[in-house]
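Following UniProt numbering, the numbering of the sequence shown begins with 1 at its first residue and continues without gaps. Notes to accompany the following structure.
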Amino acid sequence: MTQTSPPPTDAVQGGALRILFAFENPLPSTEADAEVFLTTARYLARLTTGAALHVPLPDQAASAALRQATGL
1 MTQTSPPPTD
11 AVQGGALRIL
21 FAFENPLPST
31 EADAEVFLTT
41 ARYLARLTTG
51 AALHVPLPDQ
61 AASAALRQAT
71 GL
């Protein structure tokens, strides 16, 4: 798998871009789709002026772990 560097932060020009990342399955999870979702969210969040993550979580500990892992 080739990893590319992110585009420059000025790639989004002319205004603010905010994204709400929503996932229907509980996190944290080791399933492949969950890992792809989180990797994509983390990558795209760096290109925005604001990003939020909306997922079902079993408890506050899971919420804190997810927040730390994604930076969202």
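Where a beta carbon is used, it is the ideal one built from N, C-alpha and C, also for glycine.
(request) Please work out which residues of its chain come closer than 6 Å, Cβ to Cβ, to A52, disregarding the five sequence neighbours upstream and downstream, and give them in chain order. (result) Counting from 1 along the sequence shown, the entry for residue 52 is found at position 52. L20.
(message) Can you tell me whether A64 is buried or exposed? The criterion is at least 16 other CB atoms within 10 Å of its CB, across all chains shown.
(response) Looking up residue 64 in the sequence shown gives position 64. Exposure of A64 is indicated by the presence of fewer than 16 other C-beta atoms within 10 angstroms of its C-beta.
(request) Return yes when at least one heavy atom of the ligand HEM lies under 8 Å from the C-beta of G50, else no. (result) Ligands are entirely absent from the displayed structure, and the ligand HEM is therefore not among its contents.
(request) Taking the CB atoms as reference points, tell me whether T70 and A45 lie closer together than 9 Å. (result) Taking the sequence shown and counting its residues from 1, one reaches residue 70 at position 70. Taking the sequence shown and counting its residues from 1, one reaches residue 45 at position 45. In this structure, T70 lies near A45, with their beta-carbon atoms less than 9 Å apart.
(message) To the nearest angstrom, how far is the alpha carbon of L47 from that of L27?
(response) Stepping through the sequence shown from its first residue, residue 47 is reached at position 47. Stepping through the sequence shown from its first residue, residue 27 is reached at position 27. Rounded to the nearest angstrom, the two C-alpha atoms are 23 Å apart.
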